[in-house]
Every structure is written in structure tokens, then in C-alpha cells.
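Below is one structure, written out as C-alpha cells; the observations come after it.
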Amino acid sequence: NVSVSSLSRFARIGWIDRGGERKAAREATRELQMRPDNPDAAVRTLSGGNQQKAVLARWLLRGCRVLLLDEPTRGVDVGARAELYAVIRRLADEGLAVLLVS
Numbered sequence: 001n002v003s004v005s006s007l008s009r010f011a012r013i014g015w016i017d018r019g020g021e022r023k024a025a026r027e028a029t030r031e032l033q034m035r036p037d038n039p040d041a042a043v044r045t046l047s048g049g050n051q052q053k054a055v056l057a058r059w060l061l062r063g064c065r066v067l068l069l070d071e072p073t074r075g076v077d078v079g080a081r082a083e084l085y086a087v088i089r090r091l092a093d094e095g096l097a098v099l100l101v102s
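Residue numbers for the sequence shown follow full-length UniProt numbering, so the first one is 1 and each next one is one higher.
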């Protein structure tokens, strides 16, 4: 699920490099501190905060330079909200343009 938006990045002459895809997805889930950090976990089985992180990871793998986040913490608990805002702040500090809408 994390790498679905960037499959072309892993395509080689009609085949998908599954090893490269899994490695990138694993790194993204670790970077965003998703629990569990299993890139094979179905998004619907994750908590609300980790579902939001999975969506964020999907677009980060795509190499976006600008993120437009519409209520990224809606429906998540207080702890997950703090984690999400910390991740968003870190991404902005690293130079990613972030526009939050609430």
C-alpha cells in the first residue's frame, strides 16, 4: 500500500523490482515510526494515526516536494496527533513545503 503511488519508480522493462519496492516501503514505515513497521500490513488493520502515516509515506516515496494536508489528524487519538505533527514539522525542517488545512 505504501508504494502503490510510486510503482513506476521500481519498474524495470515491464517488471517490478519487488526487493527495491519492499526496501523503500520498509524505510518509509520506519522513518514515520509506523506501528507495526510492516509494509505488508493492510492499511485497514492499522490504527487511525498509522493509517494517516501510511498515506503520508505513500506520497513521500513518490518524491513530492509539496504536501497539501487536509486535516491530517482528524479521527486520531491525542498521542498519534502529536506524532503526526512532529513528523510534519521534521519534514518541513528538512525543506519539504507543507500546507496544512484545517
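Ideal Cβ positions, reconstructed from N, Cα and C, are used throughout, including at glycine. A quick note: this is a predicted structure, and the numbers were derived from the prediction, not measured.
Between which two residues does the beta strand (DSSP E) carrying residue i extend?
i    : result
D40  : That residue, D40, is in no beta strand (DSSP E); it is neither H nor E in DSSP.
V101 : A97 to V101
Can you tell me which residues form a DSSP beta bridge with residue i?
i   : result
A82 : Bridge partners of A82: none, in fact.
W15 : R12
V66 : A97
Classify residue i: buried if its beta carbon has 16 or more other beta carbons within 10 angstroms, exposed otherwise.
i   : result
V66 : exposed
Q52 : buried
G49 : buried
V78 : exposed
P36 : exposed
E21 : buried
Which residues mark the beginning and the end of the alpha helix (DSSP H) in which residue i is found?
i   : result
L60 : G48 to L61
Kindly give me the distance between the Cβ atoms of residue i and residue j, rounded to whole angstroms, as I take these residues to be in contact under 8 Å.
i   : j   : result
L99 : L68 : 5 Å
L46 : A54 : 6 Å
L61 : A28 : 5 Å
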